Amino acid sequence: DTPEEAEKMLTILKGKEHRVRQERLQSMLKEGKADEVHEILSEGTWLWTRELFVSFIDRLGEAQKTVLALLVSFRHATDEELRACVDVPGNQALAGVFSGISKQAGALGIPARAIFSFENLRTAGKRRSNYKIANKFFEIAIEMNWPGADQLPHKIKI
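First residue of the sequence shown? That's 2 in the working numbering, and the numbers climb one at a time after it.
The following block contains the structure:
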């Protein structure tokens with residue numbers, strides 16, 4: 002594919018995703034789920050589709066998939082747990098993994114907050130980060146049976 006063809010396809014996909022989102026919202030309204038529609042629109046909750054999920058996961062590198070697999074499996078993780086699973090030396094390198102996730106999401110028009118969130122904390126003078134998987138991403142991942150046993154990080158300490 003040429004860059005022009007890829008851009009044209011991306012435009013088509015974005016239009017399709019927008020139509021699918023609108024159709025889902027309209028369907029929810031017809032079903033009497035106005036409160037849910039209001040919550041989605043006011044909080045910017047992302048409406049995942051199976052096709053969009055597959056497209057997103059297919060774009061990710063191994064470290065990015067490993068981080069998301071861990072977050073989907075446990076719903077949240079600390080920076081230390083994530084670094085151990087992807088074998089990176091520090092939070093700067095871990096930030097690079099999350100930056101890659103955000104970049105691939107952005108290429109599909111998906112906001113990073115539709116996938117994960119994080120907060121920085123200080124305990125005993127040390128800066129720590131806690132990461133959490135977004136609820137709707139978690140739901141579509143479970144629906145898609147992702148991650149499979151072969152996709153789970155092997156370095157998980159339970």
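Even glycine gets a Cβ: it sits at the ideal position worked out from N, Cα and C. As the structure is a computational prediction, the values presented were derived from the model and not from experiment.
In angstroms, rounded to a whole number, what distance separates the CA positions of residue 68 and residue 104? 15 Å
At least 3 beta-carbon pairs within less than 8 Å: the stretch 136-149 vs the stretch 88-95: no
Quick check: the stretch 21-28 against the stretch 109-121, are at least 3 beta-carbon pairs closer than 8 Å? no
Does the beta-carbon of residue 143 have 16 or more other beta-carbons within 10 angstroms, so that it is buried, or is it exposed? exposed
Identify whether residue 102 lies in helix, strand or coil by the three-state DSSP scheme. helix
Along the beta strand (DSSP E) that carries residue 121, what are the first and last residues, could you check? 117-124
Quick check on DSSP: helix, strand or coil for residue 3? coil
Rounding to the nearest angstrom, what Cα-Cα distance links residue 88 and residue 71 in this structure? 13 Å
Residue 55, buried or exposed, once every other Cβ within 10 Å from all chains shown has been counted against 16: exposed
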